[in-house]
Amino acid sequence: MFHFIVLHSQNVDSSAFYTVKEISIKGNRKTKPRIILRELAYGLNDTLPLNQVPYFKKRGEQNIFNTQLFIYDTIYPVLNHETKTITVTISVKERWYVWPVPVFEIQDRNFNTWWKTKDLFRINYGFALGFENFTGVKDRLVLLFQRGYSEKYGMSYRIPYLNKAQTLGFNMLYVFGRNNEVTYKTFNNAPLFIRDYGKYLRSEHEAKVGITYRPNLYEHTTLEVVYKSMSVEDTVVKLNPDFLGNSSRKIGYGSLQYRYTFDNRDNKVYPLTGWAFDAWVIKDGFDLSPASLVNLLHFTTSVRKHTKISDRFFVSNLVRARTMNPDYVSFSFNRALGWNDLVRGYEYYVMDGQRYVLTTNSFRYQIMKPKILQPRVIGRIKQFSTIPVYAFVNVFFDAAYVEDKFYNKNNVLNNSWQYGYGVGLDIVSYYDLVMRFEYSFNKQLQHGFFIHLTSGF
Numbered sequence: 001m002f003h004f005i006v007l008h009s010q011n012v013d014s015s016a017f018y019t020v021k022e023i024s025i026k027g028n029r030k031t032k033p034r035i036i037l038r039e040l041a042y043g044l045n046d047t048l049p050l051n052q053v054p055y056f057k058k059r060g061e062q063n064i065f066n067t068q069l070f071i072y073d074t075i076y077p078v079l080n081h082e083t084k085t086i087t088v089t090i091s092v093k094e095r096w097y098v099w100p101v102p103v104f105e106i107q108d109r110n111f112n113t114w115w116k117t118k119d120l121f122r123i124n125y126g127f128a129l130g131f132e133n134f135t136g137v138k139d140r141l142v143l144l145f146q147r148g149y150s151e152k153y154g155m156s157y158r159i160p161y162l163n164k165a166q167t168l169g170f171n172m173l174y175v176f177g178r179n180n181e182v183t184y185k186t187f188n189n190a191p192l193f194i195r196d197y198g199k200y201l202r203s204e205h206e207a208k209v210g211i212t213y214r215p216n217l218y219e220h221t222t223l224e225v226v227y228k229s230m231s232v233e234d235t236v237v238k239l240n241p242d243f244l245g246n247s248s249r250k251i252g253y254g255s256l257q258y259r260y261t262f263d264n265r266d267n268k269v270y271p272l273t274g275w276a277f278d279a280w281v282i283k284d285g286f287d288l289s290p291a292s293l294v295n296l297l298h299f300t301t302s303v304r305k306h307t308k309i310s311d312r313f314f315v316s317n318l319v320r321a322r323t324m325n326p327d328y329v330s331f332s333f334n335r336a337l338g339w340n341d342l343v344r345g346y347e348y349y350v351m352d353g354q355r356y357v358l359t360t361n362s363f364r365y366q367i368m369k370p371k372i373l374q375p376r377v378i379g380r381i382k383q384f385s386t387i388p389v390y391a392f393v394n395v396f397f398d399a400a401y402v403e404d405k406f407y408n409k410n411n412v413l414n415n416s417w418q419y420g421y422g423v424g425l426d427i428v429s430y431y432d433l434v435m436r437f438e439y440s441f442n443k444q445l446q447h448g449f450f451i452h453l454t455s456g457f
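In C-alpha cells form, the structure reads like this:
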C-alpha cells in the first residue's frame, strides 16, 4: 500500500521530473539521520521522474528496514504538482538496542540433533551484553561471558561508516574458547565425540581486525586479517592423529579473508524478491614450506534468487559452491555440509570434504500476510508493543555433492549426489526471528519432522 499526499492535483505528465525539496525523519530517538538517509537512492535537491516515485518509496523502505535497526518504517512523499517538488517524511519505530540477556543455547548443529539425546551437557549458558546501534550510527558492541558446553569469553565491535562519504567501516573481534568435548572424527557421516569432565580437551584463541567498503546501496566488500591458534590434549591426537595434522597438539596461523557481496533483496532475513551474489576468498597460513600444517586457499561463492510469481506465490533458489586446493587437509579444516549449510532431510548427518556444491529450492505460498499483534504482557515496552507476524507454507527440494579425498572410507554419503525434499511451514516475526517446521525425506527414504530457527536462504 502506497501513502501519498498530493497538493493541487491536476492533469500532469507522469514522466515529468520532480525535485526533492525536503527530507525529514520522525521516530529516530537514537539513530543519527545520516544513517537513515544513507539508505535512500536519492538526496536533497535530486530530481525524480514522477512515474518512478512509487518505486523509490518502496525501495527506500526496504533498504531502511534491512539496516535491522527498526521494527518498521514508512516513507510519505508529498507531491506538489504546481512547483513540481516532493517533500519526503520518513517515519520509523526503533528496535530495542540493548540486550543484557542470559545466554541459553543448544550447542548441537541444529535443534533436531540435540533432541535425539536431550543431553543437558550440550547446553551453553552465561551472559551476553549486546549494544546494537551503540552510538546511533549502526555500530555494534558485544561482550560475551559464556559457560557450559563451550566456554567463550570475548568482545567484538563493528562500525559501518568512518568517513564523511559513509563508505568505509571497521570491525574487530577477540574470542577465547575451550571445551570438555571434541568432535574428533566422523564415521558413517555422523560426528564422533570424546568427553572429559575433568579437563579441557581443546582451547582456541581468535583475534581479527577488518575494514569494510560500501560504495553504493547494494555492494559490500570486507577485508580482514585474522590470527587463530588451537591446542588439544593428547587424548584427541591418539584418537585421530590427523585432527590438527601430523599428530600435532598445537597450531597457530594467520589468515587473510576477502569477501564481496551484492545484495538487492527486499528483506535480508526472509527475502521474497531480488537476488544476491557472494564471493569469499580465504588464505589460511602464510608458511609455504612442505612442513606447514596450515596452508589452504578456500574459495566460496553463492547466488540466491527470489521471484514473486503472483500476489501470494514465491520461488526461492540458491546455488553455493566451495573449493580448496590443498595437497592435504587436516580433519579440523575439512567441514562442509551438515554444520552451517545442509540438505534438508539430512539434519542428522554431516558430509565433510574439500569441495561441495549445494542447491536449495523452495516454492512458497503466503497463508498469512503481515499481521500486527499487540500482546498485553509486554505492551508497556514500546519496542515490543507491536509484533508483526506472517506465515508461509512451502514445498522444497535440495541437492548436494561433497567431494572428499582424504576421509571418505567410512562416510558413504560423500562423493555422491544426495537430495532431500518435503513440505514446511515458515513463521516470520520481528527481531529477525524465522521459525521453520518441516517434514522431510532424503535419498535413503529416511523421513522425519524437523525444526529450524533460520530462513534457509
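All the letters of the sequence shown, read from the start, carry residue numbers 1 to 457 under our numbering.
Each residue gets a CB set at the ideal place from its N, CA and C atoms; glycine is no exception.
Every value quoted in this text rests on a predicted model; they were computed, and no experiment measured them.
Just to confirm, are A336 and T301 a CB contact at a threshold of 8 Å? No, Cβ-Cβ distance for A336 and T301 is not below 8 Å.
Tell me whether I451 sits in a helix, a strand or coil according to DSSP, three-state version. strand
Could you check which residue in K283, K305 and L223 has the C-alpha nearest to that of F314? K305
Give a yes or no on contact between the segment 224-240 and the segment 265-275, applying the rule of three or more CB pairs nearer than 8 Å. In this structure the segment 224-240 does not touch the segment 265-275; the number of beta carbon pairs closer than 8 Å is below three.
Only counting runs of 3 or more residues, tell me where the beta strand (DSSP E) segments fall wholly within the segment 59-85, in order along the chain. 70-80
Could you name the residues of the same chain whose beta carbon sits closer than 6 Å to that of F392, not counting the 5 residues immediately before and after it, in chain order? R364, Q366 and D426
Could you give the distance in angstroms between the alpha-carbon of G379 and the alpha-carbon of I75? For G379, the pLDDT reaches just 48, beneath the cut-off of 50, and the residue's location in the model is therefore unreliable, leaving the point undetermined.
Do you know offhand how far S203's Cα is from I309's? One C-alpha to the other measures close to 50 Å.
Name the residue from L342, V329 and P370 whose alpha carbon lies nearest to the alpha carbon of Q354. V329
Is there contact between the segment 195-211 and the segment 167-183, where contact requires at least three CB pairs shorter than 8 Å? Remark: three or more beta-carbon pairs, one from each stretch, lie closer than 8 Å, so the segment 195-211 and the segment 167-183 are flagged as touching.
Could you name the residues that DSSP lists as bridge partners for W339? W339 pairs with nothing; no bridge assigned.
When you compare each of E39, L244 and A16 to Y82 by their alpha carbons, which one comes out closest? One detail in the question is off: residue 82 reads as Glu in this sequence, not Tyr. Closest option to E82, Cα to Cα, is A16.
What do you reckon, are the CB atoms on T47 and T19 nearer than 8 Å? yes
Check the DSSP bridge columns for F441 and list the partner residues they point to. DSSP, once it has assigned bridges, lists Y421 and H447 as partnering F441.
Among L413, V395, L433 and V412, which residue has its Cα nearest to the Cα of Y439? V395
Give, in chain order, every unbroken run of the beta strand (DSSP E) that is at least 3 residues long and sits entirely within the segment 188-213. 190-195 and 202-213
Proximity winner among R265, W99, K208 and T307, relative to Y258 (alpha-carbon distances): Taking only the C-alpha atoms, the option nearest Y258 is K208.
Taking contact to mean at least 3 C-beta pairs separated by less than 8 Å, is the segment 60-72 in contact with the segment 89-98? yes
Quick one, are the C-beta atoms of T323 and F299 less than 8 Å apart? Yes, the pair counts as a contact, with Cβ atoms nearer than the cut-off.
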